[in-house]
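There are 2 protein chains.
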Amino acid sequence: MNQDWTVIDGLQYSAWSREIFEQMHEGGLTCVHVTIAYHENTRETLTRIGEWNQRFESMPELIRPVYEPSDIALAKAEGRIGIIFGAQNCSPIEDEIRLVEVMRRLGLMIMQLTYNNQSLLACGCYEDEDSGLTRFGKQVIKEMNRVGMVIDMSHSAERSTLEAIDYSERPVIVSHANPSHFHPALRNKSNKVIDAIAANEGILGFSLYPFHLKNGPKCTLDDFCDMVVWTAERMGIDRIGLGSDLCQSQPTTVLEWMRNGRWSKTMDYGEGSSSNSGWPDSLSWFGDNRDFPGIADALSKRGFSDGELSQIMGGNWVSLLNRAATPASPFLQHP
Amino acid sequence: MNQDWTVIDGLQYSAWSREIFEQMHEGGLTCVHVTIAYHENTRETLTRIGEWNQRFESMPELIRPVYEPSDIALAKAEGRIGIIFGAQNCSPIEDEIRLVEVMRRLGLMIMQLTYNNQSLLACGCYEDEDSGLTRFGKQVIKEMNRVGMVIDMSHSAERSTLEAIDYSERPVIVSHANPSHFHPALRNKSNKVIDAIAANEGILGFSLYPFHLKNGPKCTLDDFCDMVVWTAERMGIDRIGLGSDLCQSQPTTVLEWMRNGRWSKTMDYGEGSSSNSGWPDSLSWFGDNRDFPGIADALSKRGFSDGELSQIMGGNWVSLLNRAATPASPFLQHP
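Below you can see the structure in the form of structure tokens.
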């Protein structure tokens, strides 16, 4: 893997530790989009941000925050992993439009409109009925466009996703999911959605979460490369990146929080099932951040050029953030 | 009043409107330290910040945020009033040390450790017993020093104030109060306190709130100038500024929120009394922001030089903020 590349993983949620950040360095990462909220409300999200601030303070030689797209180049130059804050749900803004700007100023650069369920903004991928964007949802999209917060539809339902892409004036992303064509998981995306993302100049980040892959944990690196080749042809080489969905060293209580939050008294198994309720087994070729160079090598053997690989491994994410995560108004005073 | 001066008012809490911001321009103000919280908890403080963001968005020709001391010069150059966020209480950080940095990043530049009552940090000026800084209080002072949030002891009790000055490694301020020597209100400050503020290279901001002045609303501009002359001699010309405590166009419900918050079921009258429960009458010579030039003129007639006046009218505040409101650590990533 070329040391000059800016390598970005489009989603991780691990039990953060010095060891994991060191693995990111070993794996040649430049930046990682980390989840700071699943169901956390506004107040709880501030506690999550406070925990990150303490990590930045105690491990300044390993990590730094990325508040603006221009911070990515600083992270690269300093040799520190840049941490990009994202929320997998709109719970951090509760019911208040003005919290979009407040959260953006605190560094929240990416936000999903829904996480599996109906939210105040749109519909999630596990609901039976998808009635599309809500009134509040349209307001929030406009505001996210204004302040430069990227709209992520990874866990959203199809109609809501297409409407968000249509309504947003800036590119919309799917930070971590795969084409349903490759594996028809409910969380993966139809050709209609990936075509809309491509037309909108967004990004699809390939997930390495076994439930999103053909044959689950047994998916081979060759299968994965097949998917990348197919998607690059369909969406274009500029429209793809990585979004590993790596959830390293997390206890099952965290999986339960992700799946059940506070919304269900009976266990919901998400992409698993009652007989397969825990974390899936790892892929043999992707266990932690040190395995990114192996993916780049495999894609290189499939014929992607060095220039194309630098785009897939992170360059496309840099371009996307420069187009979607900068404030639209010169009067916005962050940072 | 010299147009080249940077004129700063060290405290206001008005019913903000276009008219008031226009009056600030007419009065030659550069920046105003505005109160964003009295008893607001963390979540409620974000709503207050959101309301300010909406004002910045809708009146960009009149106002701009001051997130860092260096923004003061920008405000001056742009001809926009710089708004400095402050809290009159520690309620915005609740019981969480890490919220100091979170709030600082949102622009909270100044915070009082107490508002009249005992807080989690220290004791307020209306309690019977003052046991000084708490354990949490000491931690918060250290953290405020680190992130560059100015410690304001305007509403604190004497022992707590002296201990905070002693414990803090950066200057401590009293943004809005007068020497008890001039008028012995409970809220005003003893010679011991103002001497400690002076030794600590902080600032005393002269209050124009009638309850803090000799003869209340009947206090003359001459009386006020007497106080300034006396204090300048005692504390030094570098240690004084203005902190008008202007509460313009606020209904009495706001006065009740300031005084009673959620802590009392029976009405507490603060500096007033049951027979004098409302806002005090205005001074004849200070009704709103257009009256600052009159104060400068009166002080000039008392013999302050132009250089001294530029310090009193705002220069000292700029110096103080540069010494106390910049982050102590190079790894702090705000703004």
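These protein sequence lines map, in sequence, to chains B and E. Each position in the first sequence, counted from 1, maps to that position plus 203 in our numbering. Each position in the second sequence, counted from 1, maps to that position plus 203 in our numbering. Note that CB positions come from ideal geometry on N, CA and C, so glycine has one too. As the structure is a prediction and not an experimental result, all values here were calculated from the model.
Just the C-alpha distance for E/Gly439 and E/Ile515, rounded to the nearest angstrom, thanks. Your numbering for residue 439 of chain E matches position 236 in the second sequence. Your numbering for residue 515 of chain E matches position 312 in the second sequence. Rounded to the nearest angstrom, the gap between the Cα atoms of E/Gly439 and E/Ile515 is 11 angstroms.
With respect to the beta strand (DSSP E) encompassing B/Met470, which residues constitute its N-terminal and C-terminal limits? Indexing the first sequence from 1 puts residue 470 of chain B at position 267. For B/Met470, there is no enclosing beta strand (DSSP E), as DSSP marks it with neither H nor E.
Is the beta carbon of B/Leu249 sitting closer than 8 angstroms to the one on E/Leu302? The residue given as residue 249 of chain B occupies position 46 in the first sequence. The residue given as residue 302 of chain E occupies position 99 in the second sequence. For B/Leu249 and E/Leu302, yes; Cβs fall inside 8 angstroms.
B/Ile252, DSSP secondary structure in three states: For the purposes of this step, residue 252 of chain B is identified with residue 49 of the first sequence, where counting begins at 1. In the structure shown, B/Ile252 sits in a helix (DSSP, three-state: H, G or I).
B/Ser322 to B/Met461, Cα distance in whole Å? Numbered from its first residue, the first sequence carries residue 322 of chain B at position 119. Numbered from its first residue, the first sequence carries residue 461 of chain B at position 258. Annotation: B/Ser322 to B/Met461 spans about 15 angstroms, alpha carbon to alpha carbon.
At 3 residues or longer, what runs of the beta strand (DSSP E) sit wholly inside the region 369 to 449 of chain E? You should have 375 to 377, 406 to 409 and 443 to 445.
Please specify which runs of the beta strand (DSSP E), each continuous and at least 3 residues long, are wholly inside the region 303 to 373 of chain B, giving them in chain order. Here the runs fully enclosed are 311 to 315 and 353 to 355.
Classify E/Glu243 as buried or exposed, calling it buried when 16 or more other Cβ atoms lie within 10 Å of its own Cβ. The residue you call residue 243 of chain E lines up with position 40 of the second sequence. The C-beta of E/Glu243 has 16 or more other C-beta atoms within 10 Å across all chains shown, which makes the residue buried.
Would you say E/Trp208 and E/Gly517 are within 8 angstroms of each other, going by their C-beta atoms? Within the second sequence, numbered from 1, the residue matching residue 208 of chain E stands at position 5. Within the second sequence, numbered from 1, the residue matching residue 517 of chain E stands at position 314. In contact: E/Trp208 and E/Gly517 (Cβ atoms closer than 8 angstroms).
What is the C-beta distance between B/Ile354 and B/Ala367, in whole angstroms, given that I count them as a contact (C-beta under 8 angstroms)? The sequence position of residue 354 of chain B within the first sequence is 151, counting from 1. The sequence position of residue 367 of chain B within the first sequence is 164, counting from 1. Indeed they touch by this definition, with Cβ atoms about 6 angstroms apart.
Pick from E/Leu449, E/Thr456 and E/Gly473: whose alpha carbon is nearest that of E/Ser378? Counted from its first residue, the second sequence places residue 378 of chain E at position 175. Taking only the C-alpha atoms, the option nearest E/Ser378 is E/Leu449.
Taking the beta carbon of E/Arg283 as the centre, do at least 16 other beta carbons fall within 10 Å, making it buried, or is it exposed? Counted from its first residue, the second sequence places residue 283 of chain E at position 80. Classification of E/Arg283: buried, given that the 10 Å Cβ count is 16 or more.
C-alpha distance - E/Asn256 paired with B/Glu304, whole-angstrom precision: Locating residue 256 of chain E in the second sequence gives position 53, counting from the first residue. Locating residue 304 of chain B in the first sequence gives position 101, counting from the first residue. Approximately 8 angstroms, taken between the alpha carbons.
Cβ-Cβ distance between B/Pro382 and B/Thr434 below 8 angstroms: Here residue 382 of chain B refers to the residue found at position 179 of the first sequence. Here residue 434 of chain B refers to the residue found at position 231 of the first sequence. For B/Pro382 and B/Thr434, yes; Cβs fall inside 8 angstroms.
Please list, in chain order, the residues of the region 253 to 267 of chain B that have any C-beta partner in chain E closer than 8 angstroms. Those residues of the region 253 to 267 of chain B that come within reach of chain E (Cβ to Cβ, closer than 8 angstroms) are Gly253, Glu254, Asn256, Gln257, Phe259, Glu260, Pro263 and Arg267.
8 angstroms Cβ cut-off: residues of chain B touching E/Val237: The residue given as residue 237 of chain E occupies position 34 in the second sequence. The contacting residues do not exist; E/Val237 stays about 15 angstroms from chain B at best.
8 angstroms Cβ cut-off: residues of chain E touching B/Thr529: The residue you call residue 529 of chain B lines up with position 326 of the first sequence. Correct list: empty, because the minimum Cβ distance to chain E is about 15 angstroms.
To be precise: take each residue of the region 302 to 313 of chain E, compare its Cβ to all Cβ atoms of chain B, and keep it if any distance is under 7 angstroms. Which residues remain? Taking 7 angstroms as the Cβ-Cβ cut-off against chain B, the residues of the region 302 to 313 of chain E that qualify are Leu302, Glu304, Val305, Arg308 and Leu309.
May I ask you to list the residues that DSSP assigns as paired with B/Pro268? Looking up residue 268 of chain B in the first sequence gives position 65. Note: B/Pro268 is bridge-paired with B/Ile286 in the DSSP secondary-structure output.
Own chain partners of B/Asp484 with C-beta closer than 6 angstroms, once the 5 adjacent residues on each side are dropped: As a position in the first sequence, residue 484 of chain B is number 281, starting the count at 1. Pro420.
Return the chain-ordered list of same chain residues with a C-beta closer than 8 angstroms to the C-beta of E/Leu389, the five sequence neighbours on each side being excluded. Along the second sequence, read from residue 1 onward, the residue named residue 389 of chain E stands at position 186. Excluding sequence neighbours, E/Leu389 sits near Cys328, Tyr329 and Glu474.
Can you check whether the CB of E/Ile266 is closer than 8 angstroms to the CB of E/Ile286? The residue labelled residue 286 of chain E in the question sits at position 83 within the second sequence. The residue labelled residue 266 of chain E in the question sits at position 63 within the second sequence. A contact, by the Cβ cut-off of 8 angstroms.
Among B/Lys341, B/Ala527 and B/Thr364, nearest to B/Lys395 - alpha-carbon criterion: Looking up residue 395 of chain B in the first sequence gives position 192. If you compare the alpha carbons of B/Lys341, B/Ala527 and B/Thr364 with that of B/Lys395, the shortest gap goes to B/Thr364.
Near-chain E residues of the region 267 to 299 of chain B (beta-carbon distance less than 7 angstroms), N- to C-terminal order: Listed by position, the residues of the region 267 to 299 of chain B near chain E (Cβ gap below 7 angstroms) are Arg267, Pro268, Tyr270 and Glu299.
Would you call the CB atoms of E/Gly289 and E/His236 closer than 8 angstroms? In the second sequence, the residue the question calls residue 289 of chain E occupies position 86. In the second sequence, the residue the question calls residue 236 of chain E occupies position 33. Against a cut-off of 8 angstroms, the Cβ pair of E/His236 and E/Gly289 comes out as a contact.
Determine the DSSP secondary structure at B/Gly464, reduced to helix, strand or coil. Stepping through the first sequence from its first residue, residue 464 of chain B is reached at position 261. For B/Gly464, the three-state secondary structure derived from DSSP is coil.
Using a beta-carbon distance below 8 angstroms, is E/Arg246 in contact with chain B? The residue you call residue 246 of chain E lines up with position 43 of the second sequence. Yes - at least one Cβ of chain B is within 8 angstroms of the one on E/Arg246.
If you count every other CB in all the chains shown that lies within 10 Å of the CB of B/Pro387, and 16 or more means buried, which is it? Counting from one through the first sequence, the residue named residue 387 of chain B turns up at place 184. Per the 10 Å Cβ criterion, exposed.
For E/Leu162, would you say it is in contact with chain B, using Cβ-to-Cβ distances shorter than 8 angstroms as the test? Summary: the structure shown does not reach residue 162 of chain E, with chain E confined to residues 204 through 538, and so no result is reported for it.
Who are the Cβ neighbours of E/Arg307 in its own chain at under 7 angstroms, not counting the five residues just before and after it? On the second sequence, position 104 is the one that residue 307 of chain E refers to. If the five residues before and after E/Arg307 are omitted, its C-beta is found closer than 7 angstroms to the C-beta atoms of Val350, Gly351, Met352 and His537, all from its own chain and listed in chain order.
Which residues bound the alpha helix (DSSP H) around E/Ala528? Working through the second sequence from its first residue, we reach residue 528 of chain E at position 325. First-last for E/Ala528: undefined, no H or E at that position.
What residue range does the beta strand (DSSP E) around B/His236 cover? Within the first sequence, the letter at position 33 stands for residue 236 of chain B. Segment Cys234 to Ala240, the beta strand (DSSP E) holding B/His236.
Would you identify the three-state DSSP class for B/His537, choosing helix, strand or coil? As a position in the first sequence, residue 537 of chain B is number 334, starting the count at 1. Caution is warranted here: a pLDDT of 46 is assigned to B/His537, below 50, making its placement in the model unreliable, and the coordinate value is therefore given only provisionally. Shown here, B/His537 sits in coil according to DSSP, grouped into three states, outside any helix or strand.
Excluding the five sequence neighbours on either side, which residues of its own chain have a C-beta within less than 7 angstroms of the C-beta of E/Ala401, listed in chain order? Counting from 1 along the second sequence, the entry for residue 401 of chain E is found at position 198. Scanning its chain for C-beta atoms nearer than 7 angstroms, with the 5 sequence neighbours on each side dropped, one finds around E/Ala401 the residues Met438, Gly439 and Arg442, in chain order.
Identify whether E/Ser476 lies in helix, strand or coil by the three-state DSSP scheme. Taking the second sequence and counting its residues from 1, the one referred to as residue 476 of chain E is at position 273. Secondary structure of E/Ser476 (DSSP, three-state): strand.
Straight-line Cα distance separating E/Ser357 from B/Ala280: Taking the first residue of the first sequence as 1, we reach residue 280 of chain B at position 77. Taking the first residue of the second sequence as 1, we reach residue 357 of chain E at position 154. The straight-line gap from Cα to Cα measures roughly 45 angstroms.
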